[in-house]
Amino acid sequence: MKFSTGTLVVVGVIVLGLITAVTGGIGVYMAQRGPLEQPVKVIVDQGMGVRAIASRLGQANVIAHPDAFVVMVKATGMAGTLKAGEYAFEPGISLRAVVNKLALGDTENRSVTIPEGWTVKQAIDRLEAVEGLTGHAVRPEEGRIFPDTYAFRFGAERAKVLDTMTARMDKELANAWAARDTTLPLKSPEELLILASIVQKEAANDDEMPMIAAVFYNRLSKGMRLQSDPTVMYGAELEGDRLKRKDLTEPHPFNTYLFAGLPPTPISNPGKSALMAVARPARTEAIFFVADPSLTMHVFSVTYDEHRRNVARYWKDVKKTLQPKSVANVIEGALVTPTNVVSGTAKEN
1 MKFSTGTLVV
11 VGVIVLGLIT
21 AVTGGIGVYM
31 AQRGPLEQPV
41 KVIVDQGMGV
51 RAIASRLGQA
61 NVIAHPDAFV
71 VMVKATGMAG
81 TLKAGEYAFE
91 PGISLRAVVN
101 KLALGDTENR
111 SVTIPEGWTV
121 KQAIDRLEAV
131 EGLTGHAVRP
141 EEGRIFPDTY
151 AFRFGAERAK
161 VLDTMTARMD
171 KELANAWAAR
181 DTTLPLKSPE
191 ELLILASIVQ
201 KEAANDDEMP
211 MIAAVFYNRL
221 SKGMRLQSDP
231 TVMYGAELEG
241 DRLKRKDLTE
251 PHPFNTYLFA
261 GLPPTPISNP
271 GKSALMAVAR
281 PARTEAIFFV
291 ADPSLTMHVF
301 SVTYDEHRRN
311 VARYWKDVKK
321 TLQPKSVANV
331 IEGALVTPTN
341 VVSGTAKEN
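First residue of the sequence shown: 1, per full-length UniProt numbering; consecutive thereafter.
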């Protein structure tokens, strides 16, 4: 049978119209408002197939017809592009938007925060407890984690998140070392890190860190011991916020009441303010400091007599807030000043 040219044209137009109608219908369907009524998060696990993804989206009410999702994804050639992760879906999201989100890997960010002054052990414990990370992280050396808030995607490896934290500390320490006052008695970036870790634990706020750093430099230059409570607590692995007098006589390398110079390693993970305070300390002749009774700042002094008066003033205010039994303990000398409150209260070197 022979067809005229006109007949072929008519048939072609009809077929094209049918294709357009079908594809147009698919397009309209994919653009329609979806069934989701409340925001929801859905996790697509690594290795999930299209049908498993469709089922999970259907269970979360993100899509109305999982089978239609499978057909649409395969028809558009996007089956191999859907990515694992945690996705946030807004009410009414269309099927097209759902597919595009999964194809682009538009996943949610989670975060983990490491506070300034935490030890490496505390940081690793938090990292291990965070949901959404995989694997385990090997504990680095003390002081090698930079305190900050770090974003990660669901399913990220703990080791890689930790690598980001340690790389950040390497960068910040290098910057502080490059910016340091070269007249300071620092032999290496490691010594800067050690002293910064002590300043971080001693300071009541960032503004006074340069003064506290200067006090420690002054004590070191005079051959005086640092007499820093936080170093003692770190070395003895003490919990809480108070030291007993006997703790100051325990002979361990971190007891800066007994041994001169810096401790062998950092005692915490210092932040940028502490690093820069040690790199560029204040100019002062002070060699002592004690907490203001408000505990929001420290009072600095040049002479031991002045320091003793400041300490007496501190304890006068502290005793007003203590229970009678606590006051008795203080008077008997059973307790030493709380850590982060007083430094250099022992007998002068």
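Backbone N, C-alpha and C fix where the C-beta goes; we use that ideal spot for every residue, glycine too.
Could you tell me how far apart the beta carbons of residue i and residue j are, in whole angstroms, since I believe they sit closer than 8 Å?
{"i": "I124", "j": "R139", "result": "5 Å"}
{"i": "A274", "j": "Q200", "result": "4 Å"}
{"i": "A279", "j": "L192", "result": "6 Å"}
{"i": "K41", "j": "A88", "result": "5 Å"}
{"i": "N255", "j": "G235", "result": "6 Å"}
{"i": "I43", "j": "E86", "result": "5 Å"}
{"i": "residue 389", "j": "P270", "result": "No answer is possible for residue 389: the residues shown for the chain start at 1 and end at 349."}
{"i": "L82", "j": "M30", "result": "With 8 Å as the limit, L82 and M30 do not qualify as a contact, their Cβ atoms being about 15 Å apart."}
Apply the 10 Å Cβ neighbour rule to residue i and answer buried if 16 or more other Cβ atoms are within range, or exposed otherwise.
{"i": "Y217", "result": "buried"}
{"i": "K101", "result": "buried"}
{"i": "D45", "result": "exposed"}
{"i": "G261", "result": "exposed"}
{"i": "V232", "result": "buried"}
{"i": "G80", "result": "exposed"}
{"i": "G92", "result": "exposed"}
{"i": "P185", "result": "exposed"}
{"i": "V22", "result": "Note that V22 scores 45 on pLDDT, short of 50, meaning its location in the model is unreliable and no value can be drawn from it."}
{"i": "E172", "result": "buried"}
{"i": "V336", "result": "With a pLDDT of 39 at V336, under the threshold of 50, the modelled position of this residue cannot be trusted, and the question is left open."}
{"i": "R144", "result": "buried"}
{"i": "E142", "result": "buried"}
{"i": "E202", "result": "buried"}
{"i": "A156", "result": "buried"}
{"i": "A214", "result": "buried"}
{"i": "G34", "result": "buried"}
{"i": "S197", "result": "buried"}
{"i": "T339", "result": "Because T339 carries a pLDDT of 36, less than 50, the predicted location of this residue cannot be relied on, and the following value inherits that uncertainty. Buried, because 16 or more other Cβ atoms sit within 10 Å of the Cβ of T339."}
{"i": "A75", "result": "exposed"}
{"i": "A129", "result": "exposed"}
Can you tell me which residues form a DSSP beta bridge with residue i?
{"i": "I212", "result": "Note: I212 sits in no beta bridge, so no partner."}
{"i": "I43", "result": "E86"}
{"i": "E157", "result": "T134"}
{"i": "N109", "result": "R153"}
{"i": "F300", "result": "F289"}
Taking only the alpha-carbon atoms, compute the straight-line gap between residue i and residue j and give it to the nearest angstrom.
{"i": "G135", "j": "D163", "result": "13 Å"}
{"i": "R219", "j": "R313", "result": "23 Å"}
{"i": "T212", "j": "A159", "result": "Per the sequence shown, the amino acid found at residue 212 is Ile instead of Thr. Taking the straight line from one Cα to the other gives about 35 Å."}
{"i": "E131", "j": "P264", "result": "34 Å"}
{"i": "H252", "j": "W315", "result": "28 Å"}
{"i": "F69", "j": "V28", "result": "14 Å"}
{"i": "M165", "j": "V299", "result": "34 Å"}
{"i": "E90", "j": "E108", "result": "13 Å"}
{"i": "V120", "j": "F288", "result": "29 Å"}
{"i": "H307", "j": "S228", "result": "15 Å"}
{"i": "A179", "j": "M276", "result": "8 Å"}
{"i": "T249", "j": "S268", "result": "22 Å"}
{"i": "R245", "j": "D106", "result": "57 Å"}
{"i": "V161", "j": "G49", "result": "27 Å"}
{"i": "L57", "j": "M72", "result": "14 Å"}
{"i": "V341", "j": "G47", "result": "Any reading at V341 must be qualified, since the residue scores a pLDDT of 37, below 50, and its modelled position is unreliable; the value itself is stated next. Taking the straight line from one Cα to the other gives about 54 Å."}
{"i": "M169", "j": "W118", "result": "14 Å"}
{"i": "M209", "j": "A282", "result": "9 Å"}
{"i": "F154", "j": "L133", "result": "6 Å"}
{"i": "K187", "j": "N175", "result": "16 Å"}
{"i": "R126", "j": "D247", "result": "28 Å"}
{"i": "T183", "j": "P189", "result": "14 Å"}
{"i": "L16", "j": "D67", "result": "Since pLDDT at L16 reaches only 40, below the 50 mark, its modelled position is unreliable, and the value read off the structure follows with that caveat. Their backbone Cα atoms lie some 27 Å apart in a straight line."}
{"i": "K347", "j": "F259", "result": "With a pLDDT of 33 at K347, under the threshold of 50, the modelled position of that residue is not reliable, and the figure given next carries that caveat. Those two C-alpha atoms are separated by around 14 Å."}
{"i": "L226", "j": "L195", "result": "10 Å"}
{"i": "S55", "j": "F146", "result": "41 Å"}
{"i": "M78", "j": "D181", "result": "58 Å"}
{"i": "residue 351", "j": "S221", "result": "It is not possible to answer for residue 351, since the shown part of the chain is limited to 1 through 349."}
{"i": "M297", "j": "V99", "result": "55 Å"}
{"i": "E237", "j": "A97", "result": "54 Å"}
{"i": "S294", "j": "G223", "result": "31 Å"}
{"i": "V290", "j": "E239", "result": "22 Å"}
{"i": "V112", "j": "Y257", "result": "36 Å"}
Going by the C-beta, is residue i closer than 7 Å to any heavy atom of the ligand PLP?
{"i": "S268", "result": "This structure lacks the ligand PLP; in fact it carries no ligand of any kind."}
Under 8 Å, Cβ to Cβ, is there at least one residue of chain C near residue i?
{"i": "Y257", "result": "Reference to chain C is not applicable here, since this structure consists of a single protein chain."}
- Query: Is there contact here, the stretch 140 to 160 with the stretch 300 to 315, by at least three beta-carbon pairs under 8 Å?
  - Reply: no
- Decide if the stretch 32 to 39 is in contact with the stretch 53 to 64; the criterion is three or more beta carbon pairs, one per stretch, under 8 Å apart. yes
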